[in-house]
Every structure is written in C-alpha cells, then in structure tokens.
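*Asks:*
Numbering (the numbering used here), first residue to last: 108 to 344.
(1) For the alpha helix (DSSP H) containing residue 117, list its first residue and its last residue.
(2) Can you tell me whether residue 277 is buried or exposed? The criterion is at least 16 other CB atoms within 10 Å of its CB, across all chains shown.
(3) In angstroms, rounded to a whole number, what distance separates the CA positions of residue 245 and residue 217?
(4) Compute the distance between the beta-carbons of residue 230 and residue 256, then report whether it is under 9 Å.
(5) So for residue 179, helix, strand or coil by DSSP?
(6) Expressed to the nearest angstrom, what Euclidean distance is found between the alpha-carbon atoms of residue 288 and residue 143?
(7) May I ask you to report which of helix, strand or coil DSSP gives residue 259?
(8) How long is the line joining the alpha carbons of residue 174 and residue 139, rounded to whole angstroms?
(9) Tell me where the alpha helix (DSSP H) around residue 230 begins and ends.
(10) With three or more beta-carbon pairs closer than 8 Å as the criterion, would you say the region 195-208 touches the region 299-308?
(11) Considering only the beta carbon of each residue, do residue 264 and residue 227 sit closer than 9 Å?
(12) Does the distance from the CB of residue 185 to the CB of residue 232 come in under 9 Å?
(13) Only counting the same chain, and skipping five residues up and downstream in sequence, which positions put a Cβ closer than 6 Å to that of residue 241?
(14) If you follow the alpha helix (DSSP H) that residue 217 is in, where does it begin and where does it stop?
(15) Which same chain residues end up closer than 8 Å to residue 120 when comparing Cβ atoms and leaving out the 5 residues on each side of it in sequence?
(16) Would you kindly work out how many angstroms separate the C-alpha atoms of residue 131 and residue 118, rounded to a whole number?
(17) Closer than 6 Å by C-beta to residue 316: which residues in its own chain qualify, once you throw out the five before and the five after it? Chain order, please.
(18) Just reading off the alpha helix (DSSP H) that residue 142 is part of, what are its end residues?
(19) Would residue 235 and residue 187 qualify as a contact pair, given that the criterion is a beta-carbon distance under 9 Å?
The structure is reproduced here in structure tokens:
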C-alpha cells in the first residue's frame, strides 16, 4: 500500500497536473499510509529543503545562460568549429562524451548538462561542424544532431558517475547489502564500474562514427543528384 504514492505520481503526470503539487500530495499520502504522523512528514519536508538549499543556485545560473545566449554564444561556438576543416559532428560529440564521462568519474556532475552546456555550446558546435561540410542543414538533420548531443551527455554522465565512490547509486547499493548482511565494499563497486564505462564509451563512439557516415552519405548523394540532374536535362535537349 505504501507504493500507492508512485501510482499517484503516474496519474498526476499523465493528467499533466502541477508536478510540485503531485509530488507533495503523493509524499503526504505515502507517509500517512506508512503510519508516519503528519507533523513528522512536514518536518522531513523542511529538513530536505534546508539540506538541499544550495539547489537554489540554479536561479542564479539561469540569467547567466540567458545573457550568454543573448550575446550569441551559440553562433560564436558554431563559427569557431566551422574554421576547423577536419572536424565532424561525431568527433565533436565524441570529445564531449569523453570529457563528460571523465568529469562524472571524478564527481564533477555539474561540469556538463543539457541546459548549461549542451543547448548553448555543444549542440551549436556539432551543427557548425556539419554546416562546414554540407552547408545549411534541413530541420530534420538539425534535430538529429541536437538529439545526438543530448544522448552523449546522458551516456557520459550515466556511466561515468558509477566510477565515483560517493555517487548515490553506489551508496544505495552498499546500504542495501549491509541491511541484508551481505559484505559490500563501495570502492570495489566503483572500480568495477570502470570496464562498463570504457565499453559504453567505445560503443557510443562507434555509433557517432556511424552517424557521421550516414550524414556524409545522405548529403553527398543529394549533391551528386543535384549535379547529375542538369546534365541529364542537357542530354535530353
């Protein structure tokens, strides 16, 4: 019955209700069903807010990101990348994937991210690399490149943070094992995350390489067709 809170969250999100209200109500219902006094539940809300008050720094970063975008950070990043002839979308995103994974492995999870890094910097750089080779991109290809940039961030963070011993997932597993009297060493768990992270990097780097080839084939074929079409018309005349 305690899991009814999860059901309430699912229903609230499906109905597109206010997320904060849905989560708060589900937490209250879960606590009441579990037999926790309402006063204790509200106290836990207050303690959680006080403990995580540093999260309010996001309010400060939003205007900074807005000013950077207003002063054409995206356009400038794209211009710089266009000047590098050997650069490709896959190479830009592979470099970012490596930086993101290494940073997460060292506990620097805030080094990247969709709002503060991918959207204003990485995605425009990847698009600039594509435009340098193929010219102006159609909307479909632009969206695909942005999706690949977001995927590189997700994969780098997801597999890189498992190497960091103080990450929540490792601490949660360690606590679970200890509660069930199973010997567990958090450092050993973190070290066993290294082979997985390396393998994930190799696999996604290959995927980005394949994405490069698809773009190259798609636009080279279109350029070839554009050249051949006038020649055919001339022969017909």
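By construction, the Cβ of each residue, glycine as well, lies at the ideal position given by its N, Cα and C atoms.
In this text the structure is predicted, and so the values were computed from the model without any measurement.
*Replies:* Answer, in terms of the structure:
(1) By 1-based counting over the chain shown, the position of residue 117 is 10. Note, residue 117: alpha helix (DSSP H), 111-121.
(2) Position 170 of the chain shown holds residue 277. By the 10 Å Cβ count, residue 277 comes out buried.
(3) Indexing the chain shown from 1 puts residue 245 at position 138. Indexing the chain shown from 1 puts residue 217 at position 110. The alpha-carbon atoms of residue 245 and residue 217 are separated by roughly 32 Å.
(4) Here residue 230 is taken as the residue at index 123 of the chain shown, counted from 1. Here residue 256 is taken as the residue at index 149 of the chain shown, counted from 1. Taking 9 Å as the Cβ cut-off, residue 230 and residue 256 qualify as a contacting pair.
(5) Translated into positions along the chain shown, residue 179 becomes position 72. Three-state DSSP puts residue 179 in coil, outside helix and strand.
(6) As a position in the chain shown, residue 288 is number 181, starting the count at 1. As a position in the chain shown, residue 143 is number 36, starting the count at 1. If I take the Cα positions, the gap works out to 27 Å.
(7) Position 152 of the chain shown, counted from the first residue, corresponds to residue 259. Residue 259: helix per DSSP, three-state reduction.
(8) Within the chain shown, the letter at position 67 stands for residue 174. Within the chain shown, the letter at position 32 stands for residue 139. Using only the alpha carbons, I get a separation of about 45 Å.
(9) In the chain shown, the residue the question calls residue 230 occupies position 123. Here the alpha helix (DSSP H) through residue 230 covers 230-241.
(10) yes
(11) On the chain shown, residue 264 is found 157 positions in, with the first residue counted as 1. On the chain shown, residue 227 is found 120 positions in, with the first residue counted as 1. Taking 9 Å as the Cβ cut-off, residue 264 and residue 227 do not qualify as a contacting pair.
(12) Along the chain shown, read from residue 1 onward, the residue named residue 185 stands at position 78. Along the chain shown, read from residue 1 onward, the residue named residue 232 stands at position 125. Yes, the pair counts as a contact, with Cβ atoms nearer than the cut-off.
(13) Position 134 of the chain shown, counted from the start, is the residue given in the question as residue 241. Excluding sequence neighbours, residue 241 sits near 326.
(14) By 1-based counting over the chain shown, the position of residue 217 is 110. It is not in any alpha helix (DSSP H) - residue 217 carries neither H nor E in the DSSP assignment.
(15) Sequence index remark: in the chain shown, residue 120 carries index 13 (1-based). 126, 129.
(16) Taking the first residue of the chain shown as position 1, residue 131 is located at position 24. Taking the first residue of the chain shown as position 1, residue 118 is located at position 11. About 14 Å.
(17) Your numbering for residue 316 matches position 209 in the chain shown. For residue 316, where only same-chain residues beyond five positions count, the Cβ hits under 6 Å are 197.
(18) Locating residue 142 in the chain shown gives position 35, counting from the first residue. Element bounds for residue 142: n/a, residue is neither H nor E.
(19) Here residue 235 corresponds to residue number 128 of the chain shown, with the count starting at 1. Here residue 187 corresponds to residue number 80 of the chain shown, with the count starting at 1. Contact: yes.
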